[in-house]
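Which chain is which? The protein sequence lines are A and B, in order. Basically the working numbering = 1-based index in the first sequence + 1305. Basically the working numbering = 1-based index in the second sequence + 6. Glycine included, each C-beta is placed from N, C-alpha and C at the ideal position. Source: prediction; values computed, not measured.
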Amino acid sequence: MSVLVNKGSKVIVQGFTGNEGTYHASQMIEYGTNVVGGVTPGKGGQTHLERPVFNTIEEAVEKTGANVSIIFVPPAFAADAIMEAAAAGIGVIVCITEGIPTKDMIQVKSYLSDKNSRLIGPNCPGIITADEAKIGIMPGFIFKKGSVGVVSKSGTLTYEAVYQTVKAGLGITTAIGIGGDPIIGTTTKEAVELLMNDPETEGIIVIGEIGGGMEAEAARWIKENGTKPVVGFIAGQTAPPGRRMGHAGAIVGGAEDTAAAKMKIMRECGIRVVESPAEIGKAMAEELGVSA
Amino acid sequence: MNIHEYQGKQILKSFGVRVQEGIVAETPEQAVEAAKKLKEDYNSDWVVVKAQIHAGGRGKGGGVKLAKNLDEVKQRATDIIGMQLVTPQTGPEGKKVNKVLIAQDVYYPGESETKEFYMSVLLDRARGRNIIMYSTEGGMDIEQVAEKTPHLIFKEEIDPKVGLRPFQARKVAFNLGLDGAAFKDMTKFVAALYKAYESTDSSLFEINPVLKTSDDKILAVDAKVNLDENGLFRHPDYAAMRDVTEEDPTEVEAGESNLNYVKLDGNVGCMVNGAGLAMATMDIIKLAGGEPANFLDVGGTANAQTVKAGFNIILKDPNVKAILINIFGGIVRCDRVAQGVIDAYKEIGNIPVPIIVRLQGTNAEEAKRLIDESGLEVYSAILLKEAADLVTKVLS
């Protein structure tokens, strides 16, 4: 068990033959991910990384039975790529692209509302199920298999948390990078819910940051439905209001979306919130009764 | 991206939104000419001299003044151009005014009372849809309205599948208590405003106040327009509206080197790969007894060149007493970053503050060895906790 992706996932790469697509697809293959092909409009019929290239997702799905896609296309075309994947019935769409206009994402969200596709991202590192499938750009070698699920808005901070968790004697089931944009496909709450329902996952790490209300929403859900220990960290305790901190969505707009406000709500909902990012792994180990 | 009021009004006007007309001026002489032209074109006897800076609350700081004749126009413009305008949004040091907008007087007397409203268009993040937020309480700080009289703030959500519908525009006008010609004009105003918002890839419109004039016209007296930076590639003409004199010069320079930098007030500089880890690093500096001097994300390619550019940016800040470099190497190899730090250090020469380098991930041990054997005044760490302790140590 695991969530969203596993050994059986058949993955198609959108933007397969570009620089990013090529590099990360080969890393994914090396990790053992079942990459069944890719899509680059106009290059259909060619072979790339020993796998077939298709002109459209529809054709790729028809020929390979792909059920997961990962998107490495430039921001101007990424929204279209997401919708193409959804139209072709892809179940899990992972969009790595950073810098998609918000206007396009409003359209995407609306388009997906009556489709059976789950979007992860955009502007995210992807998803990894340890030792099974890496559909993303994370360094695979740090993800030792184990019992902790991770939900995070950030890339390198996820790697940091995972490294600490493994160092503390634990391992990872699935890590979901949900992305740092104002509009994303899968919310913190939805990702937490998936992990809460996964029998292999025994504890969950939630890494949030300033901006938006997703962490508070997740915390309230956990209070009502949580059955496993949750450790939380919110980045940006020292970020000034009104300034965008790298991620398009990382901006304090009001009293409710500061790090302090989110941490308070999470604590009130029974989440073990750490103030220092250096304590994430240790806290999870303590919650699960494991000593490093 | 922020733009000035006069630029925002230009954009709104191009979509058929009625605005308070005005002409931008950089000298008192230009201001007088502008006032003459407004008299000619709009029969405006009085004009308003409005400081053009990227901050709200300009009136409170003395940046918006009425002028009843040309002598007063010259006097007001002389006072405001070049002043260091302090408003609740600028911070105590204020912002230098380089331009003023000479605007027509729209509060002229007439058959009915003038009325001020509030209107904004923005993204509701939780819903993933745009909303029009509006209130009968115009001309005031909307945060205060929200706190004291939340029932006077209305929201209208726009379904992206069909866009703003006419019944929604009518609802806005009804809720604002309008009738007759003003009602009709408000529905047009709302429709044009939303069209402008969507067409321009904007991330915020705030029109405060929206005015009903004494002859029942609806117009935008002020215009705060923020554009979505990710959408600018579709609008080169708006991208050209960027005014770098409104931004921190170091932030502008960092942007030119593809570094994402935000200046802060603290004493420990930091250089990190990834936005989330960068914020977390700022937080750990604070917990270690320092205050972060900046946010700096060097992105996915931390090499000697980016590290050197990062050093140069951070060292421009005289408050910096130490620098913490925190790189989690995934795709980036730590030994390469370490070599980058060493090369950059040697190239810059004498760096006057201690440097702590924490490299973790791919080839971290090798990286630590390179740093330790370089003979430079650089402390190395592998665990984040060790890096924090080193910050505490070098500050004490």
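List the endpoints of the continuous beta strand (DSSP E) containing residue i.
i: methionine 1333 of chain A; result: Taken as a continuous stretch (DSSP letters only), methionine 1333 of chain A belongs to no beta strand (DSSP E), being part of the alpha helix (DSSP H) at 1324-1336.
i: threonine 1479 of chain A; result: 1477-1482
i: cysteine 1400 of chain A; result: 1397-1400
i: arginine 1525 of chain A; result: Note, arginine 1525 of chain A: premise wrong, no beta strand (DSSP E); alpha helix (DSSP H) at 1519-1530.
i: phenylalanine 1538 of chain A; result: 1535-1540
i: phenylalanine 173 of chain B; result: From DSSP, phenylalanine 173 of chain B is part of no beta strand (DSSP E) but of the alpha helix (DSSP H) over 172-181.
i: leucine 1462 of chain A; result: First-last for leucine 1462 of chain A: 1461-1472, but that is the alpha helix (DSSP H), not the beta strand (DSSP E).
i: serine 205 of chain B; result: Counting along the chain, serine 205 of chain B falls outside any beta strand (DSSP E), though it belongs to the alpha helix (DSSP H) covering 186-205.
i: serine 425 of chain B; result: Residue 425 of chain B lies beyond the stretch modelled for chain B, which goes from 7 to 402, so this question has no answer here.
i: glycine 1347 of chain A; result: No beta strand (DSSP E) contains glycine 1347 of chain A, which DSSP labels as neither H nor E.
i: tyrosine 267 of chain B; result: 266-269
i: leucine 302 of chain B; result: 300-303
Just curious, the alpha helix (DSSP H) that residue i is in, first and last residue?
i: glutamine 311 of chain B; result: 310-321
i: methionine 285 of chain B; result: 281-293
i: cysteine 340 of chain B; result: 340-354
i: lysine 1315 of chain A; result: Careful: lysine 1315 of chain A lies outside any alpha helix (DSSP H) and carries neither H nor E.
i: proline 1582 of chain A; result: Per DSSP, proline 1582 of chain A belongs to no alpha helix (DSSP H) and is neither H nor E.
i: phenylalanine 1382 of chain A; result: 1380-1392
i: isoleucine 1510 of chain A; result: Segment 1508-1514 is the beta strand (DSSP E) holding isoleucine 1510 of chain A; no alpha helix (DSSP H) there.
i: valine 258 of chain B; result: 255-262
i: aspartate 1409 of chain A; result: 1407-1417
i: leucine 1499 of chain A; result: 1493-1501
i: proline 1357 of chain A; result: Careful: proline 1357 of chain A lies outside any alpha helix (DSSP H), inside the beta strand (DSSP E) at 1356-1359.
i: valine 1366 of chain A; result: 1362-1369
Answer yes or no: do residue i and residue j have a C-beta to C-beta separation smaller than 9 Å?
i: valine 1511 of chain A; j: phenylalanine 1538 of chain A; result: yes
i: lysine 1439 of chain A; j: glycine 237 of chain B; result: no
i: glutamate 257 of chain B; j: valine 268 of chain B; result: yes
i: phenylalanine 1377 of chain A; j: glycine 1323 of chain A; result: yes
i: valine 216 of chain B; j: tyrosine 140 of chain B; result: yes
i: glutamate 32 of chain B; j: valine 106 of chain B; result: yes
i: cysteine 340 of chain B; j: asparagine 309 of chain B; result: no
i: glutamate 1573 of chain A; j: aspartate 289 of chain B; result: no
i: serine 1422 of chain A; j: glycine 1396 of chain A; result: yes
i: valine 1358 of chain A; j: threonine 1345 of chain A; result: yes
i: serine 209 of chain B; j: leucine 129 of chain B; result: yes
i: alanine 1466 of chain A; j: phenylalanine 239 of chain B; result: no
i: asparagine 1339 of chain A; j: lysine 1368 of chain A; result: no
i: leucine 376 of chain B; j: glutamine 345 of chain B; result: yes
i: glycine 1482 of chain A; j: glycine 1431 of chain A; result: yes
i: glycine 282 of chain B; j: alanine 1540 of chain A; result: yes
i: valine 1308 of chain A; j: threonine 1434 of chain A; result: yes
Rounded C-beta distance between residue i and residue j? I'm assuming under 8 Å.
i: alanine 1391 of chain A; j: isoleucine 1398 of chain A; result: 7 Å
i: alanine 202 of chain B; j: alanine 175 of chain B; result: About 14 Å separates the two Cβ atoms, so there is no contact after all.
i: asparagine 1372 of chain A; j: lysine 1315 of chain A; result: 5 Å
i: glycine 1550 of chain A; j: isoleucine 1515 of chain A; result: Note on residue identity: the sequence assigns methionine, not glycine, to residue 1550 of chain A. Indeed they touch by this definition, with Cβ atoms about 7 Å apart.
i: glycine 1485 of chain A; j: lysine 1458 of chain A; result: 5 Å
i: glutamate 1505 of chain A; j: threonine 1478 of chain A; result: 5 Å
i: serine 1452 of chain A; j: glutamate 1507 of chain A; result: 4 Å
i: asparagine 104 of chain B; j: histidine 60 of chain B; result: Rounded, the Cβ-Cβ distance is 11 Å, inconsistent with contact.
i: methionine 125 of chain B; j: isoleucine 138 of chain B; result: 7 Å
i: lysine 218 of chain B; j: lysine 121 of chain B; result: 4 Å
Excluding the 5 residues flanking residue i on each side, which residues of the same chain have their C-beta closer than 6 Å to its C-beta?
i: leucine 382 of chain B; result: Tyr351
i: threonine 1470 of chain A; result: Val1453, Gly1586, Met1589
i: glutamate 46 of chain B; result: none
Apart from the five residues on each side of it in sequence, which residues of its chain come closer than 7 Å, Cβ to Cβ, to residue i?
i: alanine 37 of chain B; result: Ala31, Val55, Val79, Lys80, Ala83, Val106, Ile108
i: glycine 63 of chain B; result: Thr93, Pro94, Gln95
i: isoleucine 1387 of chain A; result: Ile1376, Ile1398, Cys1400, Val1413, Leu1424
i: aspartate 249 of chain B; result: His10
i: arginine 133 of chain B; result: Glu163
i: alanine 393 of chain B; result: Leu330, Asn332, Ile362, Arg364, Ala387
i: glycine 67 of chain B; result: Leu91, Val92, Thr93
i: phenylalanine 123 of chain B; result: Tyr140, Ser141, Thr142, Gly144, Leu182, Pro215, Val216
Along chain C, in chain order, which residues have C-beta atoms closer than 7 Å to that of residue i?
i: methionine 1388 of chain A; result: Here the protein chains are A and B, and chain C is not one of them.
Give every residue of the same chain whose Cβ lies closer than 8 Å to the Cβ of residue i, excluding the five residues on either side of it in the sequence, and list them in chain order.
i: glycine 295 of chain B; result: Val397, Thr398, Leu401, Ser402
i: glutamine 13 of chain B; result: Val231, Met247
* Length-filtered (3 minimum) beta strand (DSSP E) runs lying within the segment 1432-1456 of chain A -> 1438-1441
* **Runs of alpha helix (DSSP H) lying entirely within the segment 356-391 of chain B, each at least 4 residues, in chain order** => 370-378
* Asked: Hey, which unbroken runs of the beta strand (DSSP E) at 3 residues or more fall wholly within the segment 12-39 of chain B?
  -> 28-31
* Could I get the ranges of all uninterrupted alpha helix (DSSP H) runs contained in the segment 99-176 of chain B, with 4 residues as the minimum, in chain order? => 148-154
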